[in-house]
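Right, one structure below, let's go through it.
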Amino acid sequence: MVTKAECSAIIRAAFPRCTSSRKGKDMNFEKKYEPQTIRDLVFADAAAQQIVTKYANSYPSKHLVLFGEPGAGKTVTARVIAKERSRQFHQAQDYLEVNGGQFTSETLAKIGGFQNFTRLSDGPVTVIINEINLLDPTQMSELRAILDSNQDLSIIATTNETTVATKQHNMLKKAFYNRFLELPLKVPPLNAWISRAQAILQAEGYNWTPQQVATLLQGSDSSARDIILKIELSI
Numbered sequence: 586m587v588t589k590a591e592c593s594a595i596i597r598a599a600f601p602r603c604t605s606s607r608k609g610k611d612m613n614f615e616k617k618y619e620p621q622t623i624r625d626l627v628f629a630d631a632a633a634q635q636i637v638t639k640y641a642n643s644y645p646s647k648h649l650v651l652f653g654e655p656g657a658g659k660t661v662t663a664r665v666i667a668k669e670r671s672r673q674f675h676q677a678q679d680y681l682e683v684n685g686g687q688f689t690s691e692t693l694a695k696i697g698g699f700q701n702f703t704r705l706s707d708g709p710v711t712v713i714i715n716e717i718n719l720l721d722p723t724q725m726s727e728l729r730a731i732l733d734s735n736q737d738l739s740i741i742a743t744t745n746e747t748t749v750a751t752k753q754h755n756m757l758k759k760a761f762y763n764r765f766l767e768l769p770l771k772v773p774p775l776n777a778w779i780s781r782a783q784a785i786l787q788a789e790g791y792n793w794t795p796q797q798v799a800t801l802l803q804g805s806d807s808s809a810r811d812i813i814l815k816i817e818l819s820i
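If you count the sequence shown from 1, you need to add 585 to reach the numbering used here.
See the structure below:
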């Protein structure tokens, strides 16, 4: 049986490292390589990438809700949209991020008050609502009233639901989500990750070929967390 030390030695021999030194060794690896720009994201299809890019660079008339199975990168995509907007349109604030499962009256007040920052902006302020499907009917109605009363908020929401709300039979959900563009995000195929994985390895000082990266990624579930973990454990 091959020991853990022998396995590490085999990996180091098969996948050579460049001479550049690693930086930020003590930083959480997943946090270190959390996407900051559209270029850092990996998409399953070009159509979704085009829409996400549009929302990152402007404020379309509808809010956006990203839906799909866990591991599709919904939350990190929402954050990239917000970060891109902050760099382009905002001087003094970043964005607000809340969770539908922890929604309270104070959360609603915070969202309503966040619009006051628009005086320092060149566009609406962005609010991320993760797991927006966890809002109860009253919260959904109250949030809808806030959105209808002003144009200074732009919501980027996520949900693990895999059926768009406008095709469901719940009339309250239909009315609420009519204010959103519902964009499905799918888990990217493994080959879509090769370029991003190469870039991370290069940043760590390792010069791997696409073929070597493809071999490394074999067996992954293709979620960002699993890809990052495979890279971290290989170096």
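Don't be surprised by glycine CBs; every beta carbon is placed ideally from N, CA and C.
What you are looking at is a predicted structure, and each value in this text was computed from that prediction instead of being measured.
- In the three-state reduction of the DSSP assignment, residue 643 falls in the coil class, being assigned neither a helical nor a strand state.
- Boundaries of the beta strand (DSSP E) around residue 739: 738-744.
- For residue 714, the beta-bridge partners assigned by DSSP are 683 and 742.
- In the structure shown, the three-state DSSP call for residue 722 is helix.
- The segment 790-809 and the segment 756-769 do not touch, with fewer than 3 CB-CB distances between them shorter than 8 Å.
- According to the DSSP assignment, residue 769 belongs to the beta strand (DSSP E) that extends over 765-769.
- Take residue 614, set aside five residues on each side of it, and the residues of its chain with a beta-carbon closer than 7 Å to its own are 813 and 817, in chain order.
- Less than 9 Å divides the Cβ of residue 696 from the Cβ of residue 738.
- Between residue 627 and residue 781, the gap from beta carbon to beta carbon is short of 9 Å.
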